[in-house]
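Using our numbering, read the sequence shown as starting at 659 and increasing by one per residue. Backbone N, C-alpha and C define an ideal beta-carbon position, used for all residues, glycine too.
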Amino acid sequence: MYAIATQTELGLLFLLLAMSAIAAIKASGLLYDRPVAKLRRKAQKLRFWAILVSLPAVMAAAAVVYMVFALEPVFWLDRLLLHVPLLLIPAASIWLLSVPRLRRLLLAADGGMGDPQDWSRRASDPGIAGPFRWMLLGALGAFYFSLRPPVPFEWTEAAVPLVAILGAAALLWFPQAARHRAANRPGGGVSLQPGWVHALRRLSMLLACAGIAVVPFSLAMQNSKLPDRLAMAEGPADFGTGAALAAYAGYEGHSGHDGLGASQTAQPNAATPVSVTELTGPRAGKPDRTITLTAMKKTVRLSSGKTVDAWTFNGQIPGPEIRLREGELVEVKLVNEDIEQGATIHWHGLDVPNAEDGVAGATQDAVMPGETHTYRFRAEQVGTFWYHSHQNSREAVSKGLFGPLIVEPNTADARKTADITVMTHLWDGTFAVGDADGIRKETIAPGTPVRLRLINTVDWVRQRYELAGTSFRVTAIDGTELNDPGELSNVRLTLTTGGRYDIAFTMPHHPVFLRVGGNDSLGVLMSPDGVGDAPAVSSYGEFDPLHYGRPAPVAFGPDSDFDREFTMLLDNKLGFYDGQFEMLYTMNGHVFPDTPMFMVREGELVKTTIVNRGAADHPMHLHGHHMLVLSRNGERASGSPWWSDTLDVQPGDVYEVAFKADNPGIWMDHCHNLTHAAIGMTMHLMYEGVTTPFEVGRATGNHPE
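Written as structure tokens, this is what we have:
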């Protein structure tokens, strides 16, 4: 309902802008209308326009009032304090000032108003045109604050636009008042002028306003340019509700918060800093598994025959499936053959030591053509994960630098299961499961346990999956097993970008079909003999993990005493990013590098409230940790413990999540719609005492997003 309310208000504001502009022009031109019969017709129409502009203004204000009663203040406080007055005060002035004067003007016209001076005196009254002009300004102001909300709300951020609106209102009133005074002088009046003169005057005013606006516009563009070199640890520090932490070279001089955490002063350097380069996996010992991944460009072919110019690992799309056993020490050598932009490998969802996280500019330098980099870590989590480059990740993932990563338990049962990875991607406008852009067929004997590992890699797409032909269970979310999951039938699964679901069933004696994206021609057809027709898909509801499965003991929960609490506020605003005018996706009102660093100390229990008051969904991905979902929209999670590393936060959602700060480092926390991350929707979880020698920026070659 939040999305509907905000889109309704925005649509009404756009309508109000158009209507109030027309009404303001008509009201301003009333002064120049002759003869009296024409004046009378125009005045009557203007009363009708008073209704036309008031209705969308009142309806837009009503949408805000609905939010006041239905949602938390973070969603509507700025709208109530800014939008509603900007809409209702001008609307009220039209009915208190303009409409009564129009009525008197019409009565005078009916009475045979023949004196031109009397006509000029009445029609030039600023109380007629002024309120209509104010309505246009109010609509412009509310529309501006919708596109650039002052969030987190502070009057100081709204002050300059409000002063500009008030100043414009005065400037629009005074010229009309001067004409009115001239019309009231003995022998005075307002002379008629050709229409082209009025048009030229309005054009001149628009050009003057545009010329004035060029200055702040140009300054904003220049100030948005990213520095050539920037250390990840140079952002503003947010200490949340906990005690201030020790300062170090990485964030010394920054204190306080970004408007939502506790304002504190950084304490003197109390701990010996540790570099992310020291936070490695095991350096000694022979690895249980040695893997080489070579990043290279290659033209590859989908199952339909369509060719794709891709960036690949080892020449295939997706990259090779890496299957590990729990506890294995793995060594992966990345070789960059010819990706000029550079490459890294990030192990999405696998909570590796910080130095192995594969983020260019934060935990390593990008691996350029002809260079190599070796990752070593122990596979300590069982589950479904994936790997991808975190250098120019928006382009790299889109073009194919990714692959599945599976960590299996050390049990005999795991080897008897039909284990199928379903990795969906968009290749040059064509959806596919892996490299199959049609129906992929699998032969599975009846009675065999089946596990489907669903992985969605597509930006902007909440991928839809439907299983027909059998009931099933969702056994894991984001690589973490669920406790006692129940049987589901005719239920649609929707995965956010970067998210994973594992589903399980026992193969029946007839075909089973996994439909992807609501497309009967895309998916996985499983049958005992490898043939057969896909069963019809019927889905009646949406899977919701909030109450699914049975509760199980966890180390902390909603009633725990948290050492530190943060608020992450997601929103939109128009603005510049690195010199380009964009619809920005903000975190606590800012884009990187001005987004806050959430500062924590190792061992702390941390709670974060994630609020999405924007217009788009955001798959929020925290590196190095899994978050326990405590509640959504005020409703506590009551099923199996729900752990997530890529949480789908829809417009209007409020999630409470918690995690243990037990993996020291500098960790990215960003929207995994990588288009959003590339224009600044990224921040960091920063542990006390951790530094990094790496930098991002044009001069460094490191561009993680």
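How big is the Cα-Cα spacing for Ala797 and Pro714?
Here residue 797 refers to the residue found at position 139 of the sequence shown. Here residue 714 refers to the residue found at position 56 of the sequence shown. When rounded, the distance between both Cα atoms is 10 Å.
If you check the beta carbons only, do Met1344 and Met1257 fall under 7 Å apart?
In the sequence shown, the residue the question calls residue 1344 occupies position 686. In the sequence shown, the residue the question calls residue 1257 occupies position 599. Yes.
Please report the distance separating the alpha-carbon of Ser756 from that of Ala817.
What you label residue 756 is simply residue 98 of the sequence shown in a count that begins at 1. What you label residue 817 is simply residue 159 of the sequence shown in a count that begins at 1. Going from the Cα of Ser756 to the Cα of Ala817 covers about 28 Å.
For the pair the region 1162 to 1179 and the region 1101 to 1111, tell me if three or more CB-CB distances fall below 8 Å.
yes
Counting pairs of beta carbons, one from the region 1122 to 1136 and one from the region 1185 to 1200, are three or more of them closer than 8 Å?
yes
Out of curiosity, what's the CA-to-CA distance linking Thr1333 and Leu1008?
Here residue 1333 is taken as the residue at index 675 of the sequence shown, counted from 1. Here residue 1008 is taken as the residue at index 350 of the sequence shown, counted from 1. Between Thr1333 and Leu1008, the C-alpha separation is close to 23 Å.
Where does the unbroken beta strand (DSSP E) through Thr1152 begin, and where does it stop?
For the purposes of this step, residue 1152 is taken as residue 494 along the sequence shown, with counting starting at 1. Where Thr1152 is concerned, the enclosing beta strand (DSSP E) stretches over Val1149 to Leu1153.
His1006 lies in the alpha helix (DSSP H); which residues open and close that run?
Here residue 1006 refers to the residue found at position 348 of the sequence shown. Premise fails: His1006 lies in the beta strand (DSSP E), His1004 to His1006, not in any alpha helix (DSSP H).
With 16 other Cβ atoms within 10 Å as the buried cut-off, status of Trp753
In the sequence shown, residue 753 corresponds to position 95, counting from 1. It counts as exposed.
Along the chain, which unbroken stretches of the alpha helix (DSSP H) at least 4 residues long are found entirely within the region 1074 to 1102?
none
In its own chain, which residues sit with a C-beta less than 6 Å from the C-beta of Ala655, not counting the 5 before and 5 after it?
The displayed coordinates of the chain run from 659 to 1363. Any statement about residue 655 would go beyond what the structure contains.
Who are the Cβ neighbours of Arg1173 in its own chain at under 6 Å, not counting the five residues just before and after it?
Counted from its first residue, the sequence shown places residue 1173 at position 515. Here the set comprises Glu1124, Gly1181 and Val1195.
Supposed contact pair Phe803 and Leu738 - C-beta distance, whole angstroms, cut 8 Å:
Within the sequence shown, the letter at position 80 stands for residue 738. Within the sequence shown, the letter at position 145 stands for residue 803. Their Cβ separation, rounded to whole angstroms, is 11 Å, which puts Leu738 and Phe803 out of contact at 8 Å.
Check for me: the alpha helix (DSSP H) holding Gln665 runs from which residue to which?
One-based indexing of the sequence shown puts residue 665 at position 7. Its alpha helix (DSSP H) spans residues Tyr660 to Gly687.
Helix, strand or coil for Met617 per DSSP?
Residue 617 lies beyond the range of the chain shown here (659 to 1363); nothing can be said about it.
Beta carbon of Leu1280, beta carbon of Ala1316: below 7 Å?
Numbered from 1 along the sequence shown, position 622 holds the residue referred to as residue 1280. Numbered from 1 along the sequence shown, position 658 holds the residue referred to as residue 1316. No, the Cβ-Cβ distance between Leu1280 and Ala1316 is not below 7 Å.
Here's a check: name, in chain order, each residue in its chain whose Cβ is nearer than 6 Å to the Cβ of Ser1185, leaving out the five neighbours to either side.
Locating residue 1185 in the sequence shown gives position 527, where the first residue counts as 1. Closer than 6 Å at the Cβ level, and outside the excluded window around Ser1185, lie Pro1169.
Using CA atoms only, rank isn't needed, just tell me which of Leu710, Ile786, Ala1295 and Leu675 is closest to Arg759.
As a working mapping, residue 759 is identified with position 101 in the sequence shown. Checked all of Leu710, Ile786, Ala1295 and Leu675; the closest Cα to Arg759 is Ile786.
Nearest-angstrom Cα separation, counted from Pro1067 out to Met1081
Translated into positions along the sequence shown, residue 1081 becomes position 423. Translated into positions along the sequence shown, residue 1067 becomes position 409. Straight-line Cα distance between these residues: approximately 21 Å.
Ser1179, DSSP secondary structure in three states
For the purposes of this step, residue 1179 is taken as the residue at position 521 of the sequence shown. Ser1179 falls in the strand class under three-state DSSP.
Please work out which residues of its chain come closer than 7 Å, Cβ to Cβ, to Trp831, disregarding the five sequence neighbours upstream and downstream, and give them in chain order.
Position 173 of the sequence shown, counting from 1, holds the residue named residue 831. Excluding positions up to five away in sequence, the list reads Pro784 and Gly788.
Residues bridged to Trp1325 (per DSSP):
The residue labelled residue 1325 in the question sits at position 667 within the sequence shown. Beta-bridge pairing links Trp1325 to Leu1343.
Leaving out five residues before and five after Trp707 in sequence, what residues of the same chain have Cβ atoms less than 6 Å from its Cβ?
As a first step, residue 707 is located in the sequence shown; it is residue number 49 there, counting from the start. Excluding positions up to five away in sequence, the list reads Ala681.
On a CA-only basis, which of Gly900, Ala822 and Met659 is nearest Pro874? Give me that one, please.
The count along the sequence shown starts at 1 and reaches residue 874 at position 216. Comparing Cα-Cα distances from Pro874 to each of Gly900, Ala822 and Met659, the minimum goes to Ala822.
Mapping the DSSP letters down to three states, classify Ser933 as helix, strand or coil.
Here residue 933 refers to the residue found at position 275 of the sequence shown. Residue state, collapsed to three classes: strand.
Using a threshold of 7 Å, state whether the C-beta atoms of Ala800 and Leu765 are closer than that.
As a first step, residue 800 must be located in the sequence shown, where it is residue number 142. As a first step, residue 765 must be located in the sequence shown, where it is residue number 107. No. Outside cutoff.
Could you spell out the range, first to last residue, of the beta strand (DSSP E) harbouring Trp969?
On the sequence shown, residue 969 is found 311 positions in, with the first residue counted as 1. Note, Trp969: beta strand (DSSP E), Thr965 to Phe971.
Ala1357 classed as buried or exposed, judged by whether at least 16 other C-beta atoms fall within 10 angstroms:
Position 699 of the sequence shown, counted from the start, is the residue given in the question as residue 1357. Classification for Ala1357: exposed.
When you compare each of Leu763, Thr938 and Ala968 to Asp1015 by their alpha carbons, which one comes out closest?
Along the sequence shown, read from residue 1 onward, the residue named residue 1015 stands at position 357. Taking only the C-alpha atoms, the option nearest Asp1015 is Thr938.
Could you check which residue in Ala1273, Gly1156 and Leu671 has the C-alpha nearest to that of Gly1137?
Within the sequence shown, numbered from 1, the residue matching residue 1137 stands at position 479. Cα-wise, what sits closest to Gly1137 is Gly1156.
Using the beta-carbon count (16 or more within 10 Å), is Asp996 buried or exposed?
The residue labelled residue 996 in the question sits at position 338 within the sequence shown. The residue in question, Asp996, is exposed, as its Cβ has fewer than 16 Cβ neighbours within 10 Å.
Would you be able to state if there are at least three C-beta pairs under 8 Å between the region 670 to 681 and the region 722 to 730?
no
To which residues of the same chain is Tyr906 closer than 7 Å at the C-beta, ignoring the five residues directly before and after it?
Translated into positions along the sequence shown, residue 906 becomes position 248. In this predicted model, Tyr906 has a pLDDT of only 45, less than 50, meaning its place in the structure is not dependable enough to derive any value.
Using the C-alpha atoms, what's the distance from Leu951 back to Thr899?
Taking the first residue of the sequence shown as 1, we reach residue 899 at position 241. Taking the first residue of the sequence shown as 1, we reach residue 951 at position 293. Cα to Cα, Thr899 sits roughly 43 Å from Leu951.
Determine which residues share a DSSP beta bridge with Gln1308 and list them.
Position 650 of the sequence shown, counted from the start, is the residue given in the question as residue 1308. Bridge partners of Gln1308: none, in fact.
Helix, strand or coil for Thr1069, going by three-state DSSP, please let me know.
As a first step, residue 1069 is located in the sequence shown; it is residue number 411 there, counting from the start. Three-state result, Thr1069: coil.
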